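As structure tokens, the structure follows; a few thoughts come after it.
2 protein chains.
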Amino acid sequence: MNNARPQLKLKPLKRRRRPAISEPTRDKLLDVAGRIFADRGYRAATIREICIAARANVAAVNYHFGDKLGLYTMVVQQSMQAAELEGIRSALDQLAPPEDILRAVIRARLNSICRRDRPDWHFRILVHELAQPTPALRRLISKIGRPLFQRLLELIGGMIGLPPDDDKTRFCAFSVMGQILVFVLANPLLEAVWPDLKMTPEQLDRIAYHIADFSLSYIRQFRSNPSAHSANGTTPATPSRASK
Amino acid sequence: MNNARPQLKLKPLKRRRRPAISEPTRDKLLDVAGRIFADRGYRAATIREICIAARANVAAVNYHFGDKLGLYTMVVQQSMQAAELEGIRSALDQLAPPEDILRAVIRARLNSICRRDRPDWHFRILVHELAQPTPALRRLISKIGRPLFQRLLELIGGMIGLPPDDDKTRFCAFSVMGQILVFVLANPLLEAVWPDLKMTPEQLDRIAYHIADFSLSYIRQFRSNPSAHSANGTTPATPSRASK
DNA sequence: CTGTGTTTCATACTGATGTTTGAATATGAA
DNA sequence: TTCATATTCAAACATCAGTATGAAACACAG
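Protein sequences appear in the order of chains X and P.
Heads up: the first sequence is residues 1 to 244, going by this note's numbering.
Heads up: the second sequence is residues 245 to 488, going by this note's numbering.
The following block contains the structure:
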């Protein structure tokens, strides 16, 4: 057994070089880890990579957060209070005609996805969670997903004159949500299929406007004539076109 | 440096040796690896887990496929010829009214997602690829994603009277695609938000029917009165936004 | 200054994973 | 049989990741 541990010979250098100006290591780790976790996912992201990017020691994560999962939990918990979500919530809570609220929600959600100043790493974490769930997914859904969806159900239910827990209301809510989420979840597909699409604010506005139009077309039509749609109880028989 | 491929003799059948499924190790590995890769993703899936499940030696993967990526490539390549895709292609190619084709495509795609006999591991691989792309994603997109989307563009473009590469056509195609994909990509979200939703064939039909109705409402409306909507889209002619 | 508690650091340990290797076994032909 | 090839196997190797540890560096009260 050689317990002889090589003592450090000499002082390497003054590390007061870049003290990361008054930013505590803990905060820096949280910031860097957020982006790296969002980029690689929980499992593929390594503590060493995070610590190098944060100019911290490998042991810093264990010291400040216990272990890797502790850091990740903090990152997710922090991302749940992001400003982007507040935009969506306030859009849902405002007092306005339902159609305006729906437009505002769609736009807020899309804006939160692709911002130029802040990267969209909050949502990229969700993408990884959907592919490979960790214990954080339950909290993400119960704290964010379910409440927001519940409000969307109430909004849409009110617009089509059905209770929030009606199947039709839920279908419509998923239709709206799907149109939005595809721009986050299927981003590589989007880029491959539409290479020259630049996610400028103007482009995002156009997309949001389209999604709202696309959705409102059906919602208005359903409200004015619900019986024509709710007929699809079990088997849709032949897909005969409605009167043109 | 080893042989990249075992020799090929035309002797596929030789099961008299072992009654316990003397399926060649190579095929068994492919089969098992498909499910495990779809479940855990490329990185999280381990060769040992695959080999144990396939009752093969750890070295079997390296012997038959060179390395882990070689096995994964074969799995993806094999999944691209799955029967599910053929259903979508044939739905797109059939000679029928455009609205019927759209309904058939939506339904085929949804059916391919959740089947009771066969698990949906082909699409679950796509979910992982979207979260953490591997070299296989490029092939997946160029071989499957882009051609299918191109046909969808032509179909919808024909329905709304715009060229396939018009922005409005693409927006509509994404609206349709998003409504479908959300049921695959956001499955955990779906289950949490709608726990008592059973993916029976009847339920899938109802969903497909709804998505088609939801989408056709806008498409029909746009076709009958395009000018009311194009004020926001950049039709190649007039990019004027400020309508005063 | 000294002492004490906190933070950072270099380093080592443990386990897991992809890969290699060389021997052992099976297979089929001369 | 004997030989050549194909395949399987157990074991080892190399690397990397998460974690642990003890000392050094720091901050600050006394």
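Just so it is clear, CB atoms sit at the ideal spot from N, CA and C, and this is done for glycine as well.
Quick caveat: nothing in here was measured; it's all calculated off a predicted structure.
Going by alpha carbons, who is nearest to residue i out of the options?
i	options	result
N57/X	Y42/X, G145/X, R26/X	R26/X
V182/X	Q77/X, I207/X, I160/X, D167/X	I207/X
R89/X	R107/X, T73/X, Y72/X	R107/X
L460/P	P342/P, K442/P, A375/P	P342/P
Q394/P	V193/X, V176/X, I47/X, F214/X	V193/X
P201/X	S112/X, E23/X, P195/X	S112/X
F458/P	L370/P, L273/P, L274/P, G422/P	G422/P
For chain P, is any of its Cβ atoms less than 7 Å away from the one on residue i?
i	result
A108/X	no
I21/X	Confidence is the limiting factor: at I21/X the pLDDT is only 47, short of 50, which leaves the residue's position unreliable, though a coordinate-based value still follows. Taking Cβ atoms only, chain P never reaches closer than 7 Å to I21/X, which makes this a no.
A136/X	no
D196/X	no
F214/X	yes
V193/X	yes
L102/X	no
V105/X	no
Q203/X	no
V75/X	no
H210/X	yes
V127/X	yes
L130/X	yes
S217/X	yes
A44/X	yes
F123/X	no
What does a CB cutoff of less than 6 Å around residue i pick up in its chain, not counting 5 residues either side in sequence?
i	result
R368/P	A282
I265/P	Its pLDDT being 43, under 50, I265/P is placed unreliably in this model, and the value from its coordinates should be taken loosely. Excluding sequence neighbours, I265/P sits near nothing in its chain.
V532/P	This structure does not reach residue 532/P, given that chain P is present from 245 up to 488, and the question cannot be answered.
R347/P	A456
R146/X	none
P164/X	L153, E154, G157
Could you pull out every residue in the same chain whose Cβ sits closer than 8 Å to the Cβ of residue i, ignoring the five residues on either side in sequence?
i	result
P188/X	none
I160/X	K168, T169, C172, I219, F222, R223, P226
V349/P	I332, A335, L336, L396, L399
I144/X	M80, L85
R139/X	V76, Q77, M80
L434/P	V426, F427, L441
Suppose the cutoff is 7 Å on Cβ atoms and the five residues either side in sequence are ignored; what does the same chain contact list for residue i look like?
i	result
I101/X	A91, L92, Q94, L155
L162/X	K168, T169
H122/X	S79, A82, E84
R43/X	Q132
F65/X	L71, M74
I291/P	V302, V305, K312
L30/X	M74, V75, Q78
Do we get a CB-CB distance below 7 Å when we pair residue i with the residues of chain X?
i	result
L425/P	yes
G285/P	yes
S471/P	no
I385/P	yes
P432/P	yes
L429/P	yes
S487/P	Confidence in S487/P is poor, its pLDDT being 35 and thus under 50, which makes the residue's placement too unreliable to answer from.
F281/P	no
R390/P	yes
Q338/P	no
T342/P	First, the amino acid is wrong: residue 342/P is Pro here, not Thr. It does not; no Cβ of chain X falls within 7 Å.
P268/P	no
By a C-beta neighbour count over all protein chains shown, 10 Å radius and 16 as the cutoff for buried, is residue i buried or exposed?
i	result
Y453/P	buried
A303/P	exposed
D67/X	exposed
G70/X	exposed
T378/P	buried
A96/X	exposed
S419/P	buried
E129/X	buried
Query raised in the report: Can you list, in chain order, the residues of the segment 60-72 of chain X whose Cβ is nearer than 8 Å to any Cβ on chain P?
Result: none
Report task. Could you name the residues of the segment 77-89 of chain X whose beta carbon sits closer than 9 Å to any beta carbon of chain P, in the order they occur along the chain? Result -> Closer than 9 Å at the C-beta level to chain P, one finds no residue of the segment 77-89 of chain X.
Query raised in the report: Of the residues that make up the segment 164-180 of chain X, which ones have a beta carbon closer than 8 Å to any beta carbon in chain P?
Result: D167, K168, R170, F171, C172, F174, S175, M177, G178, Q179, I180
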